[in-house]
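J.: Chains as they are written, first to last, in our numbering: chain P, 510 to 928; chain Y, 468 to 731; chain R, 141 to 416.
We put the CB at the ideal spot given by N, CA and C, even for glycine.
Have a look at the structure that comes next, please.
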């Protein structure tokens, strides 16, 4: 570790005071692989936009492919932004200020990345404004589009003061004043963000819950919302803090520094764990209701959905027990007792569980046959699909790295040097 | 959504167009698929198109009784958009009103110029009857002269589906108007697939007209609909004298697992 | 979207949905506009100094914000939440109202790390001292720690005579090439005289009628505070880096700045002068 303060950091004028950052050359060197991925991904996106979606392996049956699945996943993982904001500004859990900035950046990356992929995913991106101009309010997708767009604006406004607080930028009086004033309206934005997040996380679940044509995804519900609406909200709220815990840990490992105190980790774990326990409980009730009531009322046997290899009954077991109940108990009862490594491992499992749930809702739903003379189908994404998604991952890594280097993401970082 | 009264005032009468397909008479020849594609200006698929990416607004599926030779019997199901009557799954999901039900005719219409290409409707349709334009439409040299002038072309990146050859209804209405009639006559408007069927397996007409052939067949004993249990009220009826064929429509797809059902 | 756009209906659902959407947009745009307008109004030197101090104070780590009464042991552990402004602090007025036995390890005049503390000076947390002169004016200067840190050959942008200073606002700047360091003003008042390098950089300030110096450290508080500041400096320098260490408790190096890379030094100096 380079103990010599910021030795060889050519960009030291941009680095926050009182923290150590690796030399600029090394930083660039570490970013090179991501820049290469970014370039390849950009080419793939260009292909998809220029030549059309025939560049993907999606087809008329797999109208939603790996992009939608991963979009849903990263939006769920990005829920940490709204949830941390909600806890800090609305419920006044001041301890979480230690990860708030990082959570906002993560949220911004997840949402902007998801919207970017969505823009490639639709057949006519230039018509995106149609949804705003003549919306069909009965569609869950309309709700999603409106909320995600508004929320990205909110996240940008939340991200702005973090950027303006950069050592060099804040020397500009207008920026200094702006970041201060933006900070003052933050509770309002946190409230709006929470409201929007509730609705679009829910609507993303509703997206599949309303598919009466697909009994595998269809759920009955309360009022206009199927149960998946509520399950997605809770699961996203549970996964968000886990993902924050995970990214903080990764940032801490990569930079070889302690960034937050252990009790922040423990608090995140406890929040994530307790929400996940509730989620697992509700998800189990929902699954049983669906198996014993919804599906039979449609003249099917629930077990029939789990006979199609490779998506056999293991997938249900893995989603609810292995990646649901197990890590939730670890996080809930282990926070404060277990070492951080265990909490991180559990968080990884939580994130995997949420991703698996989104996979089941998108890919498995579409792969199952609906008519008896229909086929079970699977699909393999094309390299363009993978590359376009990796573009978002690389974009996220680069944005986060730059933010970590030049912005003050972890206010406790200086204090952590003492302990 | 659409203003029903406005359309109704043009025709004076409300219709509910539907179709009955006698699968006992269907030979699986695929003439309806070809006629549909030609009528609706569906471009020929590029070389790398597959049966999963091509556009077949009408598609013939094969099913059998699962027995071994010599007891094996098969049946063909021509499946197009089933023109769901009650809460069509594709209509409510479209974020920008690009799918609309015409209240005067009951026809579920797709408006490609308004379509964003999000494909949510395709995911919602239990009949897989919606198709996406994965490629730019390209016609081989000379073939563009055979295009149907009554049907607009669709661009890359939008969804399309069967609309019961709506342009034929408009043509029939114009003809009726020219002859001073308020209403079209039975048989004046039929979709291309019905017209082309060599065994006359398909019957088309107004399900509200109790004197029509389509009404009689739809109400007859052997008529059934695919996935009626989903409650979407499809307006394409199938007809068979054979009980096992009628059972296929509602059978749990999982029960066909061992039989290796296929769409080929 | 709008009543005259195709597809719009006056259905209840539509109205509810659009009302919520427009309300959300209004709240987002409204609050953003309010922030922008306020920011525009903030573009006045005094107000900017206030905001800068607010920001700098918020960015200080907890251990640099220890309450002065924790130094003397009057309270066990306390972190300042009031921007080091004891004049408006309820805890301060409560504590100072009751005489207590203190347990400071330093008696008045004792000097940690060879830093001279003057008994007749009041100290500001931004490393300036204030001396009340017999004519009622105040003299301000850099304390020994800051003096040792400032570049040996640098320029100072001292305020012009007549400038009004504000507590925790800008006192003056030190400048060396592209680097600069900001010294916080410890008091309110009007500058009536300045002293340059030869005189050791001081300002004479007329505090006016309502001079309130309760926020400045004095007596037993100064020693422990200075010790904690030296610790903070050590940490900023990178404690295990042998090159510049104060750990021997010896005399503070005369000119640490000279031994340190030019660019990195600005940050260390700024940190010690409470700028983040």
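Can you give me the C-alpha to C-alpha distance between residue 416 of chain R and residue 370 of chain R, rounded to a whole angstrom?
T.: Locating residue 416 of chain R in the third chain gives position 276, where the first residue counts as 1. Locating residue 370 of chain R in the third chain gives position 230, where the first residue counts as 1. Distance between the alpha carbons of residue 416 of chain R and residue 370 of chain R: 17 Å.
J.: Taking just the CA atoms, how far does residue 528 of chain P sit from residue 563 of chain P?
T.: Mapped onto the first chain, residue 563 of chain P falls at position 54. Mapped onto the first chain, residue 528 of chain P falls at position 19. Roughly 49 Å between the two C-alpha positions.
J.: Evaluate contact between the segment 590-602 of chain P and the segment 551-558 of chain P, counting only Cβ atoms and requiring at least three cross-stretch pairs below 8 Å.
T.: The answer is no - the segment 551-558 of chain P does not touch the segment 590-602 of chain P, with fewer than three Cβ pairs under 8 Å.
J.: Tell me which same chain residues have a C-beta within less than 6 Å of the C-beta of residue 888 of chain P, skipping the five on either side of it?
T.: For the purposes of this step, residue 888 of chain P is taken as residue 379 along the first chain, with counting starting at 1. So the list reads 566, 571, once near-sequence residues are dropped.
J.: Going by alpha carbons, who is nearest to residue 852 of chain P out of P:836, P:609, P:861, P:880?
T.: One-based indexing of the first chain puts residue 852 of chain P at position 343. Of P:836, P:609, P:861, P:880, the residue nearest in Cα terms is P:836.
J.: Name the chain P residues that come within less than 7 Å of residue 591 of chain Y, Cβ to Cβ?
T.: Position 124 of the second chain, counted from the start, is the residue given in the question as residue 591 of chain Y. Simply 720, 722.
J.: Could you spell out the range, first to last residue, of the alpha helix (DSSP H) harbouring residue 643 of chain Y?
T.: Mapped onto the second chain, residue 643 of chain Y falls at position 176. Note, residue 643 of chain Y: alpha helix (DSSP H), 633-645.
J.: With a threshold of 7 Å between beta-carbons, can residue 625 of chain Y be considered close to chain P, or not?
T.: Stepping through the second chain from its first residue, residue 625 of chain Y is reached at position 158. Yes, contact with chain P.
J.: DSSP three-state call for residue 267 of chain R: helix, strand or coil?
T.: On the third chain, residue 267 of chain R is found 127 positions in, with the first residue counted as 1. Three-state result, residue 267 of chain R: coil.
J.: Check whether the Cβ atoms of residue 667 of chain P and residue 768 of chain P sit closer than 7 Å, and answer yes or no.
T.: Position 158 of the first chain, counting from 1, holds the residue named residue 667 of chain P. Position 259 of the first chain, counting from 1, holds the residue named residue 768 of chain P. No, the Cβ-Cβ distance between residue 667 of chain P and residue 768 of chain P is not below 7 Å.
J.: Return no unless some Cβ of chain R is closer than 7 Å to the Cβ of residue 690 of chain P.
T.: Indexing the first chain from 1 puts residue 690 of chain P at position 181. By this cut-off, residue 690 of chain P is an interface position.
J.: Excluding the five sequence neighbours on either side, which residues of its own chain have a C-beta within less than 7 Å of the C-beta of residue 381 of chain R, listed in chain order?
T.: Counting from 1 along the third chain, the entry for residue 381 of chain R is found at position 241. With a pLDDT of only 46 at residue 381 of chain R, under 50, the local geometry of the prediction cannot be trusted, and the value read off the model is given with reservation. So no residue of the chain qualifies.
J.: Tell me whether residue 381 of chain R sits in a helix, a strand or coil according to DSSP, three-state version.
T.: One-based indexing of the third chain puts residue 381 of chain R at position 241. Any reading at residue 381 of chain R must be qualified, since the residue scores a pLDDT of 46, below 50, and its modelled position is unreliable; no value is offered.
J.: Taking 7 Å as the CB-CB cut-off, is residue 202 of chain R touching chain C?
T.: Here chain C cannot be found, since the structure's protein chains are P, Y and R.
J.: Determine, using beta-carbon pairs with one atom in the segment 652-662 of chain P and one in the segment 709-717 of chain P, whether at least three such pairs fall under 8 Å.
T.: The answer is yes - the segment 709-717 of chain P touches the segment 652-662 of chain P, with three or more Cβ pairs under 8 Å.
J.: Cβ of residue 866 of chain P less than 7 Å from any chain Y Cβ?
T.: Locating residue 866 of chain P in the first chain gives position 357, where the first residue counts as 1. Chain Y contact via Cβ: absent.
J.: Determine, using beta carbons only, whether residue 696 of chain Y comes closer than 7 Å to chain P.
T.: The residue given as residue 696 of chain Y occupies position 229 in the second chain. Yes, its Cβ sits closer than 7 Å to a Cβ of chain P.
J.: Would you verify that the beta carbon of residue 587 of chain P is, or is not, closer than 7 Å to some beta carbon of chain Y?
T.: Position 78 of the first chain, counting from 1, holds the residue named residue 587 of chain P. Answer no: the Cβ-Cβ gap between residue 587 of chain P and chain Y never drops below 7 Å.
J.: Taking any Cβ of chain P, which residues in the segment 224-239 of chain R have a Cβ under 9 Å from it, in chain order?
T.: Against chain P - using a Cβ distance shorter than 9 Å - the segment 224-239 of chain R contributes no residues.
J.: Are the beta-carbon atoms of residue 489 of chain Y and residue 668 of chain Y separated by less than 7 Å?
T.: Here the question's residue 489 of chain Y lines up with position 22 in the second chain. Here the question's residue 668 of chain Y lines up with position 201 in the second chain. Yes; because the gap between Cβ atoms is below 7 Å, this pair is in contact.
J.: Name the two residues that bound the continuous alpha helix (DSSP H) containing residue 577 of chain Y.
T.: The residue given as residue 577 of chain Y occupies position 110 in the second chain. It is not in any alpha helix (DSSP H) - residue 577 of chain Y instead sits in the beta strand (DSSP E) that spans 575-577.
J.: Alpha carbon to alpha carbon, how far is residue 899 of chain P from residue 697 of chain Y?
T.: Taking the first chain and counting its residues from 1, the one referred to as residue 899 of chain P is at position 390. Taking the second chain and counting its residues from 1, the one referred to as residue 697 of chain Y is at position 230. Those two C-alpha atoms are separated by around 39 Å.
J.: Would you list, in sequence order, the uninterrupted beta strand (DSSP E) runs of no fewer than 3 residues that lie entirely inside the segment 533-564 of chain Y?
T.: Within the segment 533-564 of chain Y, the complete beta strand (DSSP E) runs of at least 3 residues are 541-546.
J.: For residue 893 of chain P versus residue 584 of chain Y, is the C-beta distance shorter than 7 Å?
T.: The count along the first chain starts at 1 and reaches residue 893 of chain P at position 384. The count along the second chain starts at 1 and reaches residue 584 of chain Y at position 117. Cβ distance not < 7 Å, so residue 893 of chain P and residue 584 of chain Y don't count as in contact.
J.: Can you round the beta-carbon distance between residue 270 of chain R and residue 356 of chain R to whole angstroms, since I take them to be within the 8 Å contact cut?
T.: Position 130 of the third chain, counted from the first residue, corresponds to residue 270 of chain R. Position 216 of the third chain, counted from the first residue, corresponds to residue 356 of chain R. About 6 Å separates the two Cβ atoms, so the contact holds.
J.: Closest to residue 682 of chain Y by C-alpha separation, out of Y:691, Y:689, Y:672, Y:688, would be which residue?
T.: Locating residue 682 of chain Y in the second chain gives position 215, counting from the first residue. Per the Cα distances, Y:672.
J.: Whose CA, out of P:855, P:676, P:531, P:526, lies closest to the CA of residue 765 of chain P?
T.: Here residue 765 of chain P corresponds to residue number 256 of the first chain, with the count starting at 1. Residue P:531 is the option with its Cα nearest to residue 765 of chain P.
J.: Would you say residue 788 of chain P and residue 743 of chain P are within 7 Å of each other, going by their C-beta atoms?
T.: Residue mapping note: residue 788 of chain P aligns to position 279 of the first chain, counting from 1. Residue mapping note: residue 743 of chain P aligns to position 234 of the first chain, counting from 1. Yes, they are a contact pair.
J.: Applying a beta-carbon distance threshold of less than 7 Å, which residues of chain P neighbour residue 704 of chain Y?
T.: The sequence position of residue 704 of chain Y within the second chain is 237, counting from 1. Going along chain P, no residue has its Cβ under 7 Å from residue 704 of chain Y, so there is no contact; the nearest lies around 15 Å.
J.: On the premise that residue 857 of chain P lies in contact with residue 755 of chain P, defined as a C-beta separation below 8 Å, what is that separation, rounded to the nearest angstrom?
T.: To locate residue 755 of chain P, count along the first chain from 1; it is residue 246. To locate residue 857 of chain P, count along the first chain from 1; it is residue 348. Confirmed, about 6 Å.
J.: Spell out whether any CB of chain P is found under 7 Å from the CB atom of residue 583 of chain Y.
T.: One-based indexing of the second chain puts residue 583 of chain Y at position 116. So yes, residue 583 of chain Y belongs to the interface.
J.: Rounded to a whole number of angstroms, what is the C-alpha to C-alpha distance between residue 227 of chain R and residue 285 of chain R?
T.: What you label residue 227 of chain R is simply residue 87 of the third chain in a count that begins at 1. What you label residue 285 of chain R is simply residue 145 of the third chain in a count that begins at 1. Distance between the alpha carbons of residue 227 of chain R and residue 285 of chain R is about 25 Å.
J.: Select from the segment 903-927 of chain P all residues with a C-beta closer than 8 Å to any C-beta belonging to chain R, and list them in chain order.
T.: Within the segment 903-927 of chain P, the qualifying residues are 917, 920, 921, 923, 924, 926, 927.
J.: Is it true that the CB of residue 854 of chain P sits closer than 7 Å to the CB of residue 543 of chain P?
T.: Your numbering for residue 543 of chain P matches position 34 in the first chain. Your numbering for residue 854 of chain P matches position 345 in the first chain. For residue 543 of chain P and residue 854 of chain P, no; Cβs fall outside 7 Å.
J.: Between which two residues does the beta strand (DSSP E) holding residue 670 of chain Y run?
T.: On the second chain, residue 670 of chain Y is found 203 positions in, with the first residue counted as 1. Unbroken beta strand (DSSP E) run through residue 670 of chain Y: 669-673.
J.: Tell me the DSSP bridge mates of residue 626 of chain Y?
T.: Here residue 626 of chain Y corresponds to residue number 159 of the second chain, with the count starting at 1. Bridge partners of residue 626 of chain Y: Y:599.
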